[in-house]
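In this note's numbering, the protein residues as written are 8 to 474.
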């Protein structure tokens with residue numbers, strides 16, 4: 008299995024090199040040279056596997072022997088041993104044709120744990136094999152930061168710096184990141200938005216000399232391993248629902264801001280999973296909805312919402328989809344991405360827009376609609392949705408055919424977003440792990456959203472780690 012850049016100037020690198028490169032050195036994103044195809048008979052065999060066994064099968068297509076089988080299995084077992092539910096990602100039925108896939112049973116109560124527990128262990132594995140320190144840099148709109156820190160903290164040879172938008176994440180999200188008292192962890196609260204942090208991250212990774220000097224590695228979903236790990240639960244959800252019903256195809260409604268989670272579903276579909284419709288659920292920061300409806304990808308004015316993890320205007324993984332939409336033509340991708348850089352928007356023609364509408368549906372959920380969905384489902388089913396999952400459920404109600412079965416991805420535990428739950432006049436009980444956070448001191452630096460200031464702080468962290 009070889010990996011290539013969406014922009015064409017990185018080609019035929021293996022899995023480990025893909026993990027370490029993160030953002031492609033030409034500024035593009037890494038994708039498999041050929042997407043593995045899983046035939047129907049193989050899917051039937053996979054349907055009988057545990058989550059860990061299924062992860063091994065899916066990962067093996069991409070790892071392609073670069074990690075010995077027994078070591079890959081051990082990495083997977085270690086990564087999912089930290090989850091509170093035996094099934095890792097169980098499915099719950101809420102209505103006859105609607106299920107939720109619970110992705111919040113990991114250490115930080117968010118779906119990011121599923122990929123980042125594995126990626127953290129993988130980085131540790133690579134560090135031990137090579138003897139090199141690994142310096143992880145990431146930006147978060149809320150959940151990635153805590154999951155990334157939890158995935159690597161305490162691991163020898165690893166340092167991590169996370170940027171988050173100051174005052175624009177939930178209190179629990181902030182506490183999960185900043186109450187970690189560890190010299191190998193640096194939290195930078197930037198005076199700006201997630202998009203500012205993501206821009207700085209991409210600029211730093213595009214500086215190949217700087218990246219190589221400090222052994223910098225990516226933890227955001229620009230790293231293909233994040234996508235690979237997330238494809239597994241699409242397969243697992245399909246197999247769980249199929250055991251209960253005569254299922255031919257399945258739809259998924261996915262709350263998404265950075266397009267990573269929904270792209271994992273797109274990848275699963277291209278691998279052979281019988282997915283019918285992929286529904287993109289966004290909030291008022293609805294650049295993705297605009298593209299899917301009109302073929303115009305253009306950031307609007309940033310808005311803070313009840314679903315802060317989706318408060319993103321520029322979706323990193325959109326370029327990966329663009330690559331496949333344009334027929335795996337890196338030159339065409341490069342031209343459009345350069346236009347986006349200079350003109351601030353991407354426009355596709357009518358023929359490509361029709362393909363987009365075959366691949367996706369989309370619905371942007373306004374704030375009150377989000378809160379009403381939480382209240383409605385709590386009253387009718389006694390199931391408490393977090394605000395991101397509520398956006399997914401509202402999108403399901405708007406876009407899904409009543410005769411078709413749909414799974415909405417429940418991306419976080421509602422305890423992480425009590426600010427929104429309280430607005431619905433619902434009182435919830437915090438899990439003990441979250442309650443304990445409120446009594447701990449915080450460790451963070453508040454900085455300007457400027458590359459130079461981030462670099463100064465990074466160099467202090469990396470210099471200390473090198474001694």
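Idealized CB from N, CA, C, for every residue including glycine.
With 16 or more neighbouring CB atoms inside 10 Å of its own CB, residue 272 falls in the buried class. Under the 10 Å beta carbon count, residue 402 is surrounded by 16 or more other beta carbons and is classified as buried.
Ranking 119, 142, 120, 121 by CA distance to the CA of residue 130 puts 142 first. Residue 148 is positioned such that its CB atom lies closer than 8 angstroms to that of residue 264. Per DSSP, reduced to three states, the secondary structure at residue 106 is strand. In this structure residue 467 is exposed. Its beta-carbon is surrounded by fewer than 16 other beta-carbon atoms within 10 angstroms.
Beyond the five residues adjoining it in sequence on each side, residue 393 comes within less than 6 angstroms, by CB distance, of 419, 421, 424 in the same chain, given in chain order. Under DSSP, residue 413 takes part in a beta bridge, and its partners are 105, 258.
A straight-line Cα-Cα distance of about 34 angstroms links residue 53 and residue 314. Sequence-distant partners of residue 438 (beyond 5 residues in either direction) whose C-beta falls short of 8 angstroms from its own C-beta, in its chain, are 116, 420, 422. Residue 342 is classed as exposed because its beta carbon has fewer than 16 other beta carbons within 10 Å across all chains shown. Per the C-alpha coordinates, the member of 45, 42, 17, 44 positioned closest to residue 32 is 17. Between residue 155 and residue 145 the beta-carbon gap is near 5 angstroms, inside 8 angstroms, which marks them as a contact. Per DSSP, the continuous alpha helix (DSSP H) segment holding residue 406 begins and ends at 394–406.
Contact between residue 170 and residue 207 holds, with the beta-carbon distance rounding to 7 angstroms and staying under 8 angstroms. Here residue 109 has 92, 96, 97, 98, 99, 417 as same chain residues with Cβ atoms under 8 angstroms from its own Cβ, once five neighbours each way along the sequence are excluded.
Here residue 171 carries a strand assignment [DSSP, helix/strand/coil]. The criterion of a C-beta distance shorter than 8 angstroms is not satisfied by residue 79 and residue 326.
Rounded to whole angstroms, residue 270 and residue 436 show a C-alpha spacing of 33 angstroms. The shortest C-alpha to C-alpha distance from residue 210 to any of 469, 457, 470, 464 is the one to 457. Counting only runs that start and end inside the stretch 50–102, the alpha helix (DSSP H) elements of at least 4 residues fall at 58–70, 76–87.
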